[in-house]
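Heads up: the sequence shown runs through residues 0 to 231, numbered per numbering that gives the first Met the number 0.
Report on the following structure.
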Amino acid sequence: MRHQLTGNSGLYHVARELSRRGWHVMPTVRNARGADLYAASDDESRVLPIQSKALSKKDPVPLGGSLDTLRSDWWVVTIYANTAAPTCYVLTKDEVKAAAHRGMSEAGKVSYWLPPKSYALPQYQEAWDRLGSPAPTANLETQTTAVALESLGGSHMTVLDDVREFIQRKAPSAVCDDCIADNLRLSVRQHANHKTRELAGAFGFSRRQDVCSMCKNVKKVIGYVHRHDGQV
Ligand SMILES: [Zn+2]
């Protein structure tokens, strides 16, 4: 009973620490084999499975009879979980595995544990930044889109090339993301948005708030400006 109270104290502490940093926390059924909770970024482009290991003091963390069954990419060890001032250590699963100690009982039963000297380290202590940012970033979205497009069976470069050619064909007129998506029959409107933002940084492309030459709405549009040397 005492053990379960410690576990809950640690879990809710971790949930609070993640929540106040902007993560959307989803606890799971406690006796499920997977993660103890999931932390989702604002736009749900990232969902991190997290194991919560709570201890009443700075003890070894029991890891069970096999390292192969360890789940979840992220592990948070909370010590002094029952006190007013718990301390958390944020580790990856690989770090837990690499630092695990193997022991054998007299009866020959193998068990693994994580000793305090392996997890109670400054680089892990309250190192919530290791999880990344819960807010979406342009770079992350672009990566996510690339993965999403690959899973759709298309190639990232092909879509980018199509979008670039379409804008260059329309030059010197500017067009909006929606019209690009509709004309290129992109499955998800967001894809055009990501591509035009990618192109906006390239030479010759200009992205701005203006009238779209196709739908005539005032929106974010992108146009291609011919180069001085006449090359397109
Ligand atoms: Zn338009």
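By construction, the Cβ of each residue, glycine as well, lies at the ideal position given by its N, Cα and C atoms.
Just so we're clear, the structure is a prediction, and the values are computed from it rather than from any experiment.
Rounded distance between the beta-carbons of residue j and residue i, thought under 8 Å
i	j	result
tryptophan 112	valine 75	About 17 Å separates the two Cβ atoms, so there is no contact after all.
valine 95	tyrosine 123	Not quite, the Cβ-Cβ distance comes to about 10 Å (not below 8 Å), so this is no contact.
leucine 62	alanine 99	6 Å
cysteine 178	lysine 219	With a Cβ gap of about 11 Å, cysteine 178 and lysine 219 do not count as contacting.
isoleucine 166	leucine 130	Their Cβ separation, rounded to whole angstroms, is 37 Å, which puts isoleucine 166 and leucine 130 out of contact at 8 Å.
glutamine 47	aspartate 72	Note that residue 47 is leucine in the sequence shown, not glutamine. Right, the Cβ-Cβ distance comes to about 7 Å (below 8 Å), so this counts as a contact.
Contact under 8 Å by Cβ, residue i with residue j
i	j	result
serine 51	glycine 21	no
valine 224	alanine 191	no
lysine 56	tyrosine 37	no
glycine 64	valine 109	yes
threonine 5	alanine 53	yes
arginine 232	threonine 195	Here the chain comprises residues numbered 0 to 231, so residue 232 is not present and cannot be evaluated.
isoleucine 221	alanine 170	no
arginine 70	alanine 119	no
threonine 82	histidine 12	no
cysteine 87	glutamate 125	yes
Name all residues in chain order for which at least one heavy atom of ligand 1 lies closer than 6 Å to the residue's CB. Those residues are Val174, Cys175, Asp177, Cys178, Cys211, Met213, Cys214, Asn216, given in chain order.
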